[in-house]
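Asks:
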Amino acid sequence: MAIRFELNGKEVSADVEPDTPLLWVLRDHFWLTGTKFGCGIAQCGACTVHLNGLTRRSCITPISRVEGGTVTTIEGISGEEARAIQDAWVALDVPQCGFCQSGQVMSATALLREIPKPTDENIDQAMAGNICRCATYVRIRKAIHRASDSLEG
Amino acid sequence: MTRQSDTTATGGLTRRGFLKGAVASAASLVIGVQLPGKAWAEDGVAPAASAFAPNAFVRIDPDSIVTVIVKHIEFGQGPVTGLSTLVAEELDADWLQMRAELAPADASKYSNKLFGLQGTGGSTAMASSYEPMRKAGAAARAVLVQAAADRWGVDPREITITRGTLTDAAGAHKASFGDLVADASKLEVPSDPQLKSPDDFHLIGTQVGKLDTPEKSNGKQIFTLDHYPDDMVVATILHPPQFGATVKSVDDSATRAVKGVIGVKTVPAGVAVYAENTHAALKGRKALKVDWDSSGAETRSSQQMERDYSKATKKPGLDARNDGDVEKALNSADTVLEAEYFFPFLAHAPMETLDAVIQFKGGQVTARMGSQIQTVDRGAIAQVFGVDQGKVMLYTEYAGGSFGRRAQPGGEFATEAAQVAKALGSDRPVKLMWTRENDIQGGRYRPLALYRVRGALDKDGKVVAWDQQIAVQSFMKGTAFESAMVKDGIDSTAVGGSAELPYAIPNLRVGQHLMENGVPTLWWRSVEHTHNAYVNETFLDELFERAGTDPVEGRLALLGNEHPRHSGVLKKVAEMAKEAGDVPEGRQRGVAVHKSFGSYVAEIAEVSEGAGGEPRVHRMWCAVDCGVPVNPDVIRAQMEGGMGYGIGAVLYDAISLSDGGYVEQSNFDRYRAIRIHEMPDIEVEVIRSTEPPTGVGEPGTPPSGPAIANAWRRLTGKSVHRLPLVPITA
């Protein structure tokens with residue numbers, strides 16, 4: 024059956040099995056490959072997208088639950104917080120292998136939208152669901168603070 | 003269904019938009035970017051006919067874009083940026099005109115001179131490339147200068163290059179690289195060009211932005227998993243539940259009933275499920291019913307292995323080193339400490355699981371994977387398909403981490419992926435994707451290891467004897483690397499870092515017991531150095547504590563004047579921690595120093611007891627001496643990441659086997675990876691050295707564990723001889 028939703032600002036329709044996780048619809052059907060597979064059980068955050076404005080682990084979200092919703096992926100993320108986060112990521116050379124970074128950027132952007140001036144503790148809480156095996160965490164923390172500062176200025 | 007390019011649904015950021023000041027052009031756009039849905043087999047390595055390619059490593063296009071062909075795989079450790087820096091330095095290029103692409107498998111051009119084949123490992127990328135890549139850049143420079151001299155009718159010595167622009171001494175002429183590409187292509191390339199004096203470096207030793215950062219921040223970096231060639235089949239695989247078990251029988255009726263599943267095949271590694279999409283492949287795998295034959299399987303539990311290894315270490319093993327008379331010194335010493343150390347198996351767990359896309363069509367194989375030893379992988383694929391290596395085009399892909407996992411001396415994953423692709427019996431491209439369960443339970447772990455250590459102090463508290471018996475399995479035996487790594491029965495991947503213990507201890511013995519084990523193992527970030535440095539640096543610290551010796555002063559005294567680079571980083575890190583102020587109430591600090599892969603690293607950790615009695619690492623300081631620091635920020639990043647990897651391992655990570663040999667962990671829920679709230683603040687100082695550059699991908703890891711354990715012991719009085727420090731909850 025065709026499931027309709029908004030994807031990165033466009034109305035789309037996916038004719039897939041209703042239990043297909045959003046992750047595989049994004050990747051296999053729409054070739055939006057910025058959203059990654061890391062664990063399949065919502066433990067690592069590599070598949071993080073925004074669903075109706077909130078972070079969501081796409082690997083455990085069946086597409087049937089997305090019907091009529093609004094999905095934003097790393098390819099479609101926009102707005103001043105996203106820009107500030109991505110600029111800070113580049114300025115501090117956060118990524119190493121880079122595989123988890125789409126998910127990190129999606130979580131960090133959502134954090135800044137909710138808490139414009141996050142503390143270290145806020146960052147820990149918002150980002151603890153995103154594993155980085157390269158352990159770029161020191162720079163992720165610094166980059167979020169930097170992005171926050173840049174929005175203030 | 004029509005393919006959608008990755009920009010139509012987005013309207014978001016573009017790669018070129020991120021590269022400020024870069025000039026986008028048709029020529030530069032072919033580089034590095036593999037868009038899903040593109041004609042993938044032909045992409046990537048065909049230079050424009052109009053380009054100037056003086057050697058296998060450098061290509062300059064008419065738009066002045068300089069592309070460096072990087073012979074080492076990039077999975078975060080920085081060769082794309084590092085090797086490009088070397089070329090740009092000698093070329094006097096502007097950093098913004100630099101691009102990079104990964105070299106295909108071709109050992110005739112891209113061999114690692116330290117291995118004698120094409121491959122990456124042992125933190126050798128920079129060490130093996132420092133001169134060759136500078137020469138590649140210098141040769142290109144010489145030709146461009148000659149082309150300009152010919153055109154302008156001036157002496158080449160009067161021409162200078164500043165940030166990619168050539169000018170003559172009189173200031174009458176000016177040219178970009180692109181202006182000279184056509185002329186340069188007609189000139190002879192010097193084989194031994196003049197290299198710059200290090201005094202003239204303007205990029206080496208400075209911080210340049212990493213070339214791969216923008217695309218890794220906006221989702222556009224393409225990894226193996228992201229390839230979707232036309233008509234691709236997705237494959238998943240079910241491995242046996244025990245190492246060494248095989249398929250007895252398969253009931254695939256439920257699997258075949260899953261919509262989208264197109265086939266099920268038994269292959270040597272297990273049972274492969276093929277489908278039109280990933281969801282169907284995963285669902286189909288879940289529905290498989292397989293009977294396994296475990297008659298040839300390793301069925302011991304970790305506990306049983308521990309007992310077996312412990313027994314072995316009660317007798318001296320094969321001497322990797324034997325100075326003085328250890329037994330005599332131990333028998334006559336005033337104080338003797340003894341300890342048994344246990345290290346569990348560890349999974350590498352890179353964020354991107356192992357994967358490959360392989361197509362066999364018209365007698366040719368096209369393969370894409372995060373290949374770390376291309377020569378071995380290419381040979382393995384050729385063998386499966388029964389073709390000459392020349393018929394295998396193997397593209398190295400950017401990989402989502404490795405930490406050693408993708409460097410397989412036996413090419414096992416390449417073999418498995420090729421067998422899966424071949425078994426389908428079709429000319430469609432097949433993407434084999436391991437799930438996290440395949441990864442955590444799939445073996446090739448850091449080996450389980452057990453140590454028996456004895457140390458002695460004389461009446462003045464001086465360390466006079468040290469006996470270290472190491473029981474560990476060899477993962478080099480029977481591989482192409484055996485002759486290089488195992489000498490006279492001593493496996494350097496078992497004893498490295500202990501056999502060369504730098505401390506002046508008059509009676510010192512290191513014994514090796516190579517254990518048989520059916521669990522497949524492999525090098526894990528910094529290989530033997532993680533366990534050897536851990537034992538060396540924690541046990542020595544206990545001896546110092548018993549003797550009332552300061553841990554930094556004690557180490558410096560035992561290093562003497564023979565090991566100035568060890569002492570240098572140790573002094574530096576002590577200074578850094580001192581400058582940070584007194585140790586806060588309720589915390590303690592621990593120190594460790596270790597040399598691995600040619601680089602010297604000292605670290606100090608500040609630790610308290612946190613929630614649930616778990617150690618909390620607040621801060622760490624690190625001093626590293628890796629020779630000429632080509633890119634200090636990449637070095638700092640590798641130290642931060644290497645330390646984080648080590649901290650996670652020493653605190654939380656373990657693979658354990660239950661009775662029967664079943665792995666008890668299967669995903670990140672029980673294989674606990676370090677997370678952001680568990681990561682300390684880290685400060686790194688890079689020593690300004692003029693020695694040749696050495697590795698940075700691995701050497702940050704070994705000192706982190708012992709520094710933490712030493713702090714923990716000084717805080718709680720509890721020695722940590724059994725890892726992980728936080729017991730696993732199986």
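Chains A and B are the protein sequences, given in the same order.
Following my numbering, the numbering of the first sequence begins with 24 at its first residue and continues without gaps.
Following my numbering, the numbering of the second sequence begins with 3 at its first residue and continues without gaps.
Just so it is clear, CB atoms sit at the ideal spot from N, CA and C, and this is done for glycine as well.
Treat the numbers as computed from the prediction; the structure is a model and nothing was measured.
#1: Along chain B, in chain order, which residues have C-beta atoms closer than 8 Å to that of P44/A?
#2: Please report the residue range of the alpha helix (DSSP H) in which K330/B lies.
#3: Step through the CB atoms of chain A and report whether any lies within less than 8 Å of the CB of T215/B.
#4: Whole angstroms are fine: how far does the CA of Y505/B sit from the CA of R567/B?
#5: Using 8 Å as the limit for Cβ to Cβ distance, is P141/A near chain B?
#6: Straight-line CA distance for E680/B to P352/B?
#7: With DSSP run on the structure shown, which of helix, strand or coil describes T162/B?
#8: Give the interface partners of G63/A over in chain B, defined as CB-CB distance under 7 Å, in chain order.
#9: Got a sec: is the Cβ-Cβ distance from P118/A to anything in chain B below 8 Å?
#10: Does S312/B come out as helix, strand or coil in the three-state DSSP assignment?
#11: Buried or exposed, going by whether 16 or more other CB atoms sit within 10 Å of the CB of S660/B?
#12: Helix or strand or just coil, what does DSSP make of S485/B?
#13: Pull the bridge partners of D357/B from the DSSP assignment, please.
#14: So which residues on chain A does H74/B lean against when the C-beta distance must stay under 7 Å?
#15: What is the rounded straight-line gap between the Cα of E144/A and the Cα of G152/A?
#16: Can you look up R302/B in the DSSP assignment and give me helix, strand or coil?
#17: List in chain order: all unbroken alpha helix (DSSP H) runs of 4+ residues lying wholly within the region 214-274 of chain B.
#18: Is G570/B near D627/B, with beta carbons less than 8 Å apart?
#19: For the alpha helix (DSSP H) that contains F203/B, what are its first and last residues?
#20: Based on the DSSP secondary-structure assignment, which residues constitute the bridge partners of M622/B?
#21: What number of angstroms, rounded off, separates the C-alpha of F203/B from the C-alpha of G491/B?
#22: Do you know whose CA, among L30/A, L46/A and C157/A, lies nearest Q119/A's CA?
#23: Buried or exposed: where does P1/B fall if 16 or more other Cβ atoms within 10 Å of its Cβ makes it buried?
#24: Take T4/B and list the residues in its own chain whose beta-carbon comes closer than 7 Å to its own, dropping the five residues that flank it on each side.
#25: Using a Cβ-Cβ cut-off of less than 7 Å, list which residues of the region 122-134 of chain A approach chain B; keep chain order.
#26: Given 8 Å as the limit, is there contact between the region 387-400 of chain B and the region 131-144 of chain B, that is, 3 or more CB pairs closer than that?
#27: Are A127/B and P56/B close, meaning C-beta to C-beta below 8 Å?
#28: Determine the chain B residues that contact D51/A at a beta-carbon separation under 7 Å, and present them in chain order.
#29: Cβ atoms of G707/B and Y536/B: under 8 Å apart, would you say?
#30: Quick check on this structure: which residue in K291/B, S125/B and R101/B has the alpha carbon closest to the alpha carbon of G697/B?
#31: Taking C-beta pairs closer than 9 Å, name the residues in chain B that F189/A reaches, listed in chain order.
#32: Have a look at L653/B and R589/B and give me their C-alpha separation to the nearest angstrom.
#33: Reducing DSSP to helix, strand and coil, say where Q590/B ends up.
#34: Whose C-beta lies closer than 6 Å to the C-beta of S303/B among residues of the same chain, with five residues either side of it excluded?
#35: Apart from the five residues on each side of it in sequence, which residues of its chain come closer than 6 Å, Cβ to Cβ, to D543/B?
#36: Could you tell me the boundaries of the alpha helix (DSSP H) in which D180/A lies?
Replies: Looking at the coordinates:
#1: Residue 44/A sits at position 21 when you count from the first residue of the first sequence. Within chain B, the residues near P44/A are H281.
#2: In the second sequence, residue 330/B corresponds to position 328, counting from 1. Per DSSP, K330/B belongs to the alpha helix (DSSP H) from V328 to S334.
#3: Position 213 of the second sequence, counted from the start, is the residue given in the question as residue 215/B. Judged by the 8 Å Cβ criterion, T215/B is in contact with chain A.
#4: Residue mapping note: residue 567/B aligns to position 565 of the second sequence, counting from 1. Residue mapping note: residue 505/B aligns to position 503 of the second sequence, counting from 1. Distance between the alpha carbons of R567/B and Y505/B is about 13 Å.
#5: Your numbering for residue 141/A matches position 118 in the first sequence. False, the Cβ-Cβ gap to chain B never drops below 8 Å.
#6: Taking the first residue of the second sequence as 1, we reach residue 680/B at position 678. Taking the first residue of the second sequence as 1, we reach residue 352/B at position 350. Spanning the two alpha carbons is a distance of roughly 18 Å.
#7: Mapped onto the second sequence, residue 162/B falls at position 160. Residue state, collapsed to three classes: strand.
#8: As a working note, residue 63/A is residue 40 in the first sequence. Within chain B, the residues near G63/A are T437 and R438.
#9: By one-based count along the first sequence, residue 118/A stands at place 95. At least one chain B Cβ lies under 8 Å of P118/A.
#10: By one-based count along the second sequence, residue 312/B stands at place 310. Helix.
#11: Residue 660/B sits at position 658 when you count from the first residue of the second sequence. That one is exposed.
#12: Numbered from 1 along the second sequence, position 483 holds the residue referred to as residue 485/B. Three-state result, S485/B: helix.
#13: Here residue 357/B refers to the residue found at position 355 when the second sequence is read from its first residue. The partner list for D357/B (beta bridge, DSSP) reads M435/B.
#14: Start at 1 with the first residue of the second sequence, and residue 74/B comes out as number 72. Result: empty, since nearest Cβ-Cβ is about 14 Å, beyond 7 Å.
#15: By 1-based counting over the first sequence, the position of residue 144/A is 121. By 1-based counting over the first sequence, the position of residue 152/A is 129. E144/A and G152/A: Cα-Cα distance of roughly 14 Å.
#16: Numbered from its first residue, the second sequence carries residue 302/B at position 300. R302/B falls in the coil class under three-state DSSP.
#17: The region 214-274 of chain B contains these whole alpha helix (DSSP H) runs: 215-219 and 255-258.
#18: In the second sequence, residue 570/B corresponds to position 568, counting from 1. In the second sequence, residue 627/B corresponds to position 625, counting from 1. Yes; because the gap between Cβ atoms is below 8 Å, this pair is in contact.
#19: For the purposes of this step, residue 203/B is taken as the residue at position 201 of the second sequence. No alpha helix (DSSP H) contains F203/B, which DSSP labels as neither H nor E.
#20: The residue you call residue 622/B lines up with position 620 of the second sequence. Answer is A607/B and I684/B.
#21: Counting from one through the second sequence, the residue named residue 203/B turns up at place 201. Counting from one through the second sequence, the residue named residue 491/B turns up at place 489. F203/B and G491/B: Cα-Cα distance of roughly 45 Å.
#22: Taking the first residue of the first sequence as position 1, residue 119/A is located at position 96. Residue C157/A is the option with its Cα nearest to Q119/A.
#23: Given a span of 3 to 732 for chain B in the structure shown, any question on residue 1/B remains unanswerable.
#24: Position 2 of the second sequence holds residue 4/B. At T4/B the pLDDT is 32, less than 50, meaning the model places this residue with poor confidence; the figure from the coordinates comes in the next sentence. Closer than 7 Å at the Cβ level, and outside the excluded window around T4/B, lies no residue.
#25: F122, C123, Q124, S125 and V128
#26: no
#27: Start at 1 with the first residue of the second sequence, and residue 127/B comes out as number 125. Start at 1 with the first residue of the second sequence, and residue 56/B comes out as number 54. Cβ atoms of A127/B and P56/B: not closer than 8 Å.
#28: Taking the first sequence and counting its residues from 1, the one referred to as residue 51/A is at position 28. Correct list: N279 and T280.
#29: Taking the first residue of the second sequence as position 1, residue 536/B is located at position 534. Taking the first residue of the second sequence as position 1, residue 707/B is located at position 705. Yes.
#30: In the second sequence, residue 697/B corresponds to position 695, counting from 1. Measuring from the Cα of G697/B, the nearest candidate turns out to be S125/B.
#31: For residue 189/A there is no data in the structure shown, the boundaries of chain A being 24 and 176.
#32: Along the second sequence, one-based indexing puts residue 653/B at 651. Along the second sequence, one-based indexing puts residue 589/B at 587. Roughly 17 Å separates the two Cα atoms.
#33: Position 588 of the second sequence, counted from the first residue, corresponds to residue 590/B. Correct three-state label for Q590/B: strand.
#34: One-based indexing of the second sequence puts residue 303/B at position 301. Here the set comprises L659, S660 and D661.
#35: The residue you call residue 543/B lines up with position 541 of the second sequence. Its chain contains P553 and N712 as the residues whose beta carbon lies nearer than 6 Å to that of D543/B, once the 5 sequence neighbours on both sides are disregarded; these appear in chain order.
#36: The requested residue 180/A is not part of the displayed model; chain A covers only 24 to 176.
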